[in-house]
Amino acid sequence: LGLYSNIALAWIGAVVADLIICKPLGLSPKGIEFRRAYLYDINPVGVGALLIASVLSMLSYLGFFGLMAKGLASFIALGSAVLCVPIIAYLTKGKYYIARQPEKIQATSVANCVVCERDYELADMAGCPAYNGTICSLCCSLEARCHDLCKPDAR
Numbered sequence: 035l036g037l038y039s040n041i042a043l044a045w046i047g048a049v050v051a052d053l054i055i056c057k058p059l060g061l062s063p064k065g066i067e068f069r070r071a072y073l074y075d076i077n078p079v080g081v082g083a084l085l086i087a088s089v090l091s092m093l094s095y096l097g098f099f100g101l102m103a104k105g106l107a108s109f110i111a112l113g114s115a116v117l118c119v120p121i122i123a124y125l126t127k128g129k130y131y132i133a134r135q136p137e138k139i140q141a142t143s144v145a146n147c148v149v150c151e152r153d154y155e156l157a158d159m160a161g162c163p164a165y166n167g168t169i170c171s172l173c174c175s176l177e178a179r180c181h182d183l184c185k186p187d188a189r
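Residue 35 is where the sequence shown starts when you use my numbering, and the numbers rise one by one after that.
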């Protein structure tokens with residue numbers, strides 16, 4: 035449980051740092067994008083910070099850096115994640131946040147998903163070249179047969 039809590043703190047630190055440090059500094063896009071059609075499979079900013087902070091905190095927790103670091107392992111997890119996020123975002127120039135630019139939409143418009151055939155606001159939809167229509171974010175997340183045809187430069 036102690037090791038898991040350090041990983042959880044590293045993850046929380048990475049998310050918080052991205053929101054309160056990178057966004058105001060312009061190291062990441064202003065908005066928060068959640069639709070898979072517009073995202074890379076892996077963003078090295080969050081994943082990198084999570085891995086670095088997790089390894090540092092686990093080594094601390096296991097006593098590799100002494101008794102003081104062992105007692106401060108959770109703070110090391112949180113602090114190192116918060117420090118790593120803006121550094122990695124700066125080094126990658128924020129390139130891996132958005133795989134393709136979302137279309138400009140009106141939030142009041144509604145469209146039908148070509149997969150589940152339900153109506154959703156356009157803010158929750160994406161153009162899908164594999165299905166030749168609009169697809170909701172849930173169906174897009176669950177659909178793997180398209181092999182990310184909508185974002186060919188994302189791999």
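Where a beta carbon is used, it is the ideal one built from N, C-alpha and C, also for glycine.
Item to check | Residue environment, Asp182, which counts as buried when at least 16 other CB atoms sit within 10 Å | outcome: Buried: at least 16 other Cβ atoms inside 10 Å.
Next on the checklist: My assumption, with CB atoms under 8 Å, is that Leu37 sits in contact with Met92. Please give the rounded CB distance.
Outcome noted: That belief holds up - the Cβ atoms of Leu37 and Met92 are roughly 6 Å apart, short of 8 Å.
Item to check | Cα-Cα separation, Val148 to Ile66 | outcome: Each residue's alpha carbon lies about 25 Å from the other.
Item to check | alpha helix (DSSP H) runs wholly inside the segment 85-155, at least 4 long, in chain order | outcome: Segments of the alpha helix (DSSP H) lying fully in the segment 85-155: 101-105, 107-126.
Item to check | Closest Cα partner of Ala48 within the set Ala83, Lys104, Gly97, Arg70 | outcome: The residue from Ala83, Lys104, Gly97, Arg70 with its alpha-carbon nearest to that of Ala48 is Ala83.
Next on the checklist: Is it buried or exposed, Asn130, if we count other Cβ atoms within 10 angstroms and call 16 or more buried?
Outcome noted: Before going on, a small fix: residue 130 reads as Tyr here, not Asn. Tyr130 comes out buried.
Item to check | Among Ala123, Thr168, Gln135, Ala145, nearest to Lys57 - alpha-carbon criterion | outcome: Checking every option, the nearest Cα to that of Lys57 belongs to Ala123.
Checklist entry - Residues bridged to Cys170 by DSSP? => result Bridge pairing for Cys170: Met159 [DSSP].
Item to check | Distance, Pro63 Cα to Val50 Cα | outcome: Their Cα atoms are separated by approximately 15 Å.
Checklist entry - Does any CB atom of chain C fall closer than 9 Å to the CB of Pro78? => result No chain C appears in the structure shown, which is made up of a single protein chain.
Item to check | Cut-off 8 Å between Cβ atoms - residues of its own chain near Ala107, not counting five sequence neighbours on either side | outcome: Scanning its chain for C-beta atoms nearer than 8 Å, with the 5 sequence neighbours on each side dropped, one finds around Ala107 the residues Gly36, Asn40, Ser91, Met92, Ser94, Tyr95, in chain order.
Next on the checklist: By alpha-carbon positions, which one of Asp52, Arg69, Ala157, Gly113 ends up nearest to Lys138?
Outcome noted: Checking every option, the nearest Cα to that of Lys138 belongs to Ala157.
Item to check | Ile76 to Cys174 span [Cα, whole Å] | outcome: So the two alpha carbons sit approximately 16 Å from each other.
Item to check | Residue range of the unbroken alpha helix (DSSP H) whose run includes Tyr165 | outcome: It is not in any alpha helix (DSSP H) - Tyr165 carries neither H nor E in the DSSP assignment.
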